[in-house]
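Visitor: Just so you know, the working numbering puts 217 at position 214 of the sequence shown, and the rest follows in order with no gaps. Glycine included, C-beta positions come from ideal geometry on N, C-alpha and C. All values derive from a computational prediction rather than experimental measurement. Questions regarding the structure given below will be posed in turn.
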Amino acid sequence: MLGFSNHLPIIQAPMAGGITTASLVGAVSEAGGIGSFGFAYCSATEIENQLRNARKITKGPINANFFVFPEIDKNEETEFQKALRSLKDLPINFHTKNDSIQPPYNPSLKAQLKTIWREKPEVLTFHFGVPDEQIMTQAKSLGITVGVTVTNIRNAELAFRAGIDFFIAQGSEAGGHLGYFQDTDFETKMPSMKLLGLLKKKFNLPIISAGGIMDGFDIRKYLKSGATGVQMGTAFLCCHEAGTSTTHKNYILEKKERPTEFTRAFSGRWARSIQNEFTIHMKDKHILPFPIQNTLTSKLRAFANANKNGEYLSLWAGEEFARARALSVSDLLHELSLEMKHGIN
Ligand SMILES: Cc1cc2nc3c(=O)[nH]c(=O)nc-3n(C[C@H](O)[C@H](O)[C@H](O)COP(=O)(O)O)c2cc1C
């Protein structure tokens, strides 16, 4: 149903923010896996261009991924000033103004999906929540397979009732944002193997496991435990085709001794990043709700990126990032399939 080949039951994770280029996605799908676009912050035109560019590379299945953004009230001025002061204390000079952060704080999902209904990628996945009934009906009528990220049983029940086709079971080892639906769900996060076991017992739907899966040995372990496939993000971050910034890639490959941690500092939602000066600085500081904090810190991140200063970048990475490989997609997938077949030394 998902359409990947049996020897490569691998979804390259959607990773919003320019990482999932058409060359990355196209190469994964062409090799027999499923390449995913992280379209959360993209305009309809960008989505259309990216999908068409990937289509020039492959006829294989492509996944388009979106965030179900929360409804946000206008931000209180006092709250805003407090959050702004947290950034002013930083030992890095960048400029941001209060009035540069105005609603809408995120792109309209409805407008984004108009492109999807035209271009019809084979798979559509959602992070942070369940799409509404109208979206589900439209996807079904076009034969598009729908998946939702779940991090606990409560979220899985909601997704199941909405009529999704498969779960992406994201464990707490995962890099980037955890896909929980409500803030209180963060407390119930759990490792991916435990989540797989709980979901298997309760639901009769395909499960794609995600979080800390880095090699063919890991993949075999999840398949043996009942997963239909795996979704891997960090493992693809250093691929030649990935749009990951050079600074981000260098931290993954060269700062293997650093821990990762969950932080709300960059976006207002809990996400796993390699620890840096910013995550440490922001520990007890005032943070705005997602995605307003994301907009607030965007200039800081752009400034840090331009100056190749990884200490103020969101260095999203999973717990197992030290095992990431800097290879082309085809070499990485070749190594993964050999490891799956023969085990690793
Ligand atoms: C840099 C980065 C960005 C991510 N962005 C998204 C996203 O836009 N949408 C999504 O559903 N998941 C996103 N994720 C989470 C992945 O889908 C997946 O759950 C995670 O990468 C699995 O853990 P791993 O990184 O240890 O492989 C992101 C992960 C990373 C590392």
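Are the beta-carbon atoms of LEU316 and ILE104 separated by less than 8 Å?
Guide: Along the sequence shown, read from residue 1 onward, the residue named residue 316 stands at position 313. Along the sequence shown, read from residue 1 onward, the residue named residue 104 stands at position 101. No, the Cβ-Cβ distance between LEU316 and ILE104 is not below 8 Å.
Visitor: Decide yes or no for the touch test of the region 232 to 248 against the region 24 to 39: beta carbon pairs closer than 8 Å, at least 3 of them.
Guide: With a cut-off of 8 Å, the region 24 to 39 and the region 232 to 248 count as touching, because enough Cβ pairs lie within range.
Visitor: Please indicate yes or no: does the CB of TRP319 lie closer than 7 Å to some heavy atom of ligand 1?
Guide: Position 316 of the sequence shown, counted from the start, is the residue given in the question as residue 319. Because some heavy atom of ligand 1 lies under 7 Å away, the Cβ of TRP319 counts as near it: yes.
Visitor: Terminal residues of the continuous alpha helix (DSSP H) containing PHE70?
Guide: As a first step, residue 70 is located in the sequence shown; it is residue number 67 there, counting from the start. Where PHE70 is concerned, there is no enclosing alpha helix (DSSP H), although the beta strand (DSSP E) it sits in stretches over 65 to 70.
Visitor: Give me the Cβ distance between ALA274 and HIS180, rounded to the nearest whole Å; I'm assuming they're in contact under 8 Å.
Guide: On the sequence shown, residue 274 is found 271 positions in, with the first residue counted as 1. On the sequence shown, residue 180 is found 177 positions in, with the first residue counted as 1. The Cβ separation is near 4 Å, so the contact holds.
Visitor: Note down the Cα distance separating GLY35 from GLU260, rounded to an integer number of angstroms.
Guide: Taking the sequence shown and counting its residues from 1, one reaches residue 35 at position 32. Taking the sequence shown and counting its residues from 1, one reaches residue 260 at position 257. Between GLY35 and GLU260, the C-alpha separation is close to 34 Å.
Visitor: Return the chain-ordered list of same chain residues with a C-beta closer than 6 Å to the C-beta of ALA142, the five sequence neighbours on each side being excluded.
Guide: As a working mapping, residue 142 is identified with position 139 in the sequence shown. The residues are LEU127 and VAL149.
Visitor: Per the contact definition of three or more C-beta pairs closer than 8 Å, is the region 230 to 241 in contact with the region 276 to 294?
Guide: Contact between the region 276 to 294 and the region 230 to 241 is absent, because fewer than three Cβ pairs lie under 8 Å.
Visitor: Please give me, in chain order, every unbroken run of the beta strand (DSSP E) with length at least 3 that falls completely inside the region 38 to 89.
Guide: Those beta strand (DSSP E) runs which fall completely within the region 38 to 89 and span 3+ residues are 38 to 41 and 65 to 70.
Visitor: Taking the runs of the beta strand (DSSP E) that are 3 residues or longer, which of them lie wholly in the region 155 to 209?
Guide: The qualifying runs are 169 to 173.
Visitor: Given 7 Å as the limit, tell me if GLY236 has its C-beta closer than that to any heavy atom belonging to ligand 1.
Guide: Counting from 1 along the sequence shown, the entry for residue 236 is found at position 233. Because some heavy atom of ligand 1 lies under 7 Å away, the Cβ of GLY236 counts as near it: yes.
Visitor: Is SER32 closer than 8 Å to PRO17 when the C-beta atoms are compared?
Guide: Locating residue 17 in the sequence shown gives position 14, where the first residue counts as 1. Locating residue 32 in the sequence shown gives position 29, where the first residue counts as 1. Contact flag unset, no.
Visitor: Quick check on this structure: which residue in ILE211, THR249 and TYR254 has the alpha carbon closest to the alpha carbon of GLY6?
Guide: Counting from 1 along the sequence shown, the entry for residue 6 is found at position 3. Closest by alpha carbon: ILE211.
Visitor: Would you grab the beta carbon distance between THR152 and GLY200 for me? Rounded to a whole angstrom, and I think it's under 8 Å.
Guide: Residue 152 sits at position 149 when you count from the first residue of the sequence shown. Residue 200 sits at position 197 when you count from the first residue of the sequence shown. Wrong, their Cβ atoms sit about 18 Å apart, outside the cutoff.
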